[in-house]
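Asker: Just passing along the structure, written as structure tokens.
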Amino acid sequence: EEVRSILAESKMMNADILIRGNATQDDLIDTIQGNRVYIPAFIAVNKVDLVDKERYLEIEHDIAERFGNPPLMISAAAGYHLEETKDAIYDCLGFMRVYLKPHGGEADLEEPLIIRTGSTVEDVCNKLHRDFTQKFRYARIWGKSVKHPGQRVGLTHKLADSDLLTIIAER
100 EEVRSILAES KMMNADILIR GNATQDDLID TIQGNRVYIP AFIAVNKVDL VDKERYLEIE
160 HDIAERFGNP PLMISAAAGY HLEETKDAIY DCLGFMRVYL KPHGGEADLE EPLIIRTGST
220 VEDVCNKLHR DFTQKFRYAR IWGKSVKHPG QRVGLTHKLA DSDLLTIIAE R
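Taking this note's numbering, the leading residue of the sequence shown gets 100, the next gets one more, and so forth.
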């Protein structure tokens, strides 16, 4: 009933609301009005090499219970779970890799271009050089975002993680 009255005050008469986890009235109002931005986050607990196994499990359980997700238990000094931390940061920020291949050349599979998930060919063109979008003719892509290897696409094509991209532009 409280949710219905909050929605009615916001002039929402017909809506499906899905709330995952615990939410207060203020949380709902903030979400509807859009005056708060909730950024992706995860919890990492450092120095876990300094506690015994019992305390380790106690901390992990307590944080998981309070926040709904288990924390990443790490030790920077001992190098414990550092790769997992890097992966969590990468995933949490919504990054993906795109490999570039010059026309007629070999692909650079050592250093990918890091872009946001959901980026388009146009976003990559703008990131590489300001003239690429004006001089753009087409792009060829090998990877998950296309049906056929080497498929020709335009500026609005959405890229997928690990795509291989060749941009063809006017000289």
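Glycine included, each C-beta is placed from N, C-alpha and C at the ideal position.
Taking contact to mean at least 3 C-beta pairs separated by less than 8 Å, is the stretch 250–267 in contact with the stretch 202–221?
Answerer: yes
Asker: CB residue 268 to CB residue 236, shorter than 8 Å?
Answerer: Position 169 of the sequence shown, counting from 1, holds the residue named residue 268. Position 137 of the sequence shown, counting from 1, holds the residue named residue 236. Note that the C-beta distance between residue 268 and residue 236 is below 8 Å.
Asker: Using a Cβ-Cβ cut-off of 8 Å (strictly less than) and excluding sequence neighbours within five positions of residue 105, which residues of its own chain qualify?
Answerer: Position 6 of the sequence shown holds residue 105. Excluding sequence neighbours, residue 105 sits near 124, 127, 128, 131.
Asker: Counting pairs of beta carbons, one from the stretch 180–196 and one from the stretch 136–149, are three or more of them closer than 8 Å?
Answerer: yes
Asker: Check whether the stretch 170–182 touches the stretch 231–247, taking contact to mean three or more Cβ pairs, one atom from each stretch, closer than 8 Å.
Answerer: Because the criterion of three Cβ pairs below 8 Å is not met, the stretch 170–182 and the stretch 231–247 do not touch.
Asker: Count the other C-beta atoms from every protein chain shown that fall within 10 angstroms of the C-beta of residue 271, then say buried if there are 16 or more, exposed otherwise.
Answerer: What is shown of the chain runs 100 to 270, which leaves residue 271 out entirely.
Asker: What residue range is occupied by the uninterrupted alpha helix (DSSP H) comprising residue 155?
Answerer: On the sequence shown, residue 155 is found 56 positions in, with the first residue counted as 1. Residues 152–166.
Asker: Apart from the five residues just before and just after residue 211, which ones in its own chain have a Cβ nearer than 7 Å to its Cβ?
Answerer: Here residue 211 corresponds to residue number 112 of the sequence shown, with the count starting at 1. Closer than 7 Å at Cβ, skipping near neighbours: 196, 197, 198.
Asker: I'd like the span of the alpha helix (DSSP H) that includes residue 107, first residue to last.
Answerer: In the sequence shown, counting from the first residue as 1, residue 107 sits at position 8. 101–108 is the span of the alpha helix (DSSP H), which, as asked, contains residue 107.
Asker: List the endpoints of the continuous beta strand (DSSP E) containing residue 189.
Answerer: In the sequence shown, residue 189 corresponds to position 90, counting from 1. From DSSP, residue 189 is part of no beta strand (DSSP E) but of the alpha helix (DSSP H) over 181–192.
Asker: Using the Cβ count rule (16 or more neighbours within 10 Å means buried), how would you classify residue 264?
Answerer: Residue 264 sits at position 165 when you count from the first residue of the sequence shown. With 16 or more other Cβ atoms within 10 Å, it is buried.
Asker: What's the call for residue 230, buried or exposed, on a 16-neighbour Cβ count within 10 Å?
Answerer: As a first step, residue 230 must be located in the sequence shown, where it is residue number 131. When all chains shown are included, residue 230 counts as exposed.
Asker: DSSP three-state label for residue 231, please.
Answerer: One-based indexing of the sequence shown puts residue 231 at position 132. Residue 231: helix per DSSP, three-state reduction.
Asker: In whole angstroms, what separates the C-alpha of residue 163 from that of residue 169?
Answerer: By 1-based counting over the sequence shown, the position of residue 163 is 64. By 1-based counting over the sequence shown, the position of residue 169 is 70. So the two alpha carbons sit approximately 4 Å from each other.
Asker: Beta-carbon within less than 8 Å of residue 144's beta-carbon, same chain only, minus the 5 sequence neighbours each way: which residues are those?
Answerer: For the purposes of this step, residue 144 is taken as residue 45 along the sequence shown, with counting starting at 1. Hits under 8 Å: 158, 159, 162, 170, 171, 172, 173.
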